[in-house]
Amino acid sequence: MSDNEQKTLCAHIEDELQIKDPEAYVALIKSATHYCQGCGRSAANEENLCQPEEL
Ligand SMILES: [Zn+2]
């Protein structure tokens with residue numbers, strides 16, 4: 042798969058990115074400006090959330 046950039050954080054969590062590659066995961070959630078209304082995750086880019094809402 043080469044669509045990591047477009048993948049939602051929600052999907053990354055299901056893929057256990059936070060376990061497989063903690064640094065990459067932290068890069069996604071650090072300086073979070075949005076959170077997901079669907080699953081409660083927060084991320085720096087709304088593109089990484091399935092139901093983004095501004096913090
Ligand atoms: Zn979500």
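Going by the numbering used here, the sequence shown opens with residue 42, and the numbers climb by one from there. The C-beta atom is built at its ideal place from N, Cα and C for all residues, glycine as well.
Judged by DSSP secondary structure, residue 94 falls within the beta strand (DSSP E) whose first and last residues are 93-95.
Under DSSP, residue 72 forms no beta bridge with any residue. Ranking 88, 80 and 50 by CA distance to the CA of residue 63 puts 50 first. Within the DSSP bridge table, the entry for residue 77 names 93 as partners. Inter-residue distance for residue 47 and residue 89 is about 7 Å (C-alpha atoms, whole angstroms).
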